[in-house]
Amino acid sequence: MNEFQQQILQKIEQIASKLQNYKINNQELKAKIEYLERRESKLVTELENNKLELSEKSQLIDQATNKIEELLGSIDIDG
Numbered sequence: 001m002n003e004f005q006q007q008i009l010q011k012i013e014q015i016a017s018k019l020q021n022y023k024i025n026n027q028e029l030k031a032k033i034e035y036l037e038r039r040e041s042k043l044v045t046e047l048e049n050n051k052l053e054l055s056e057k058s059q060l061i062d063q064a065t066n067k068i069e070e071l072l073g074s075i076d077i078d079g
């Protein structure tokens, strides 16, 4: 094999190595994206659950406030 052929072979090996690195990096990036998408989905679900819980607690506070106002009103009338 002459020197020119050797240089071409080295360049091909360099390109193959770069392509392999690109493939590995691409797979790692895909895995990271999939993880982040799953994490986002879990966080969205958690946020929705927290909103629902907050709404329920807010309704309970409103009911308790109304009941207290009723009781205070009846005390003023009786007083």
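When you line the sequence shown up against our numbering, it's residues 1 to 79, in that order.
C-beta atoms are modelled at their ideal positions from N, C-alpha and C, and glycine is treated no differently.
DSSP on residue i, reduced to helix/strand/coil?
i	result
Asn2	coil
Roughly how many angstroms separate the alpha carbons of residue i and residue j, rounded to a whole number?
i	j	result
Gln63	Arg38	38 angstroms
Ile36	Lys42	Here residue 36 turns out to be Leu, not Ile, going by the sequence shown. Cα-Cα distance, rounded: 10 angstroms.
Gln10	Ile24	21 angstroms
Gly73	Leu54	28 angstroms
Under 7 angstroms between C-beta atoms, does residue i make it to chain C?
i	result
Gln63	No chain C is present in this structure, which holds just one protein chain.
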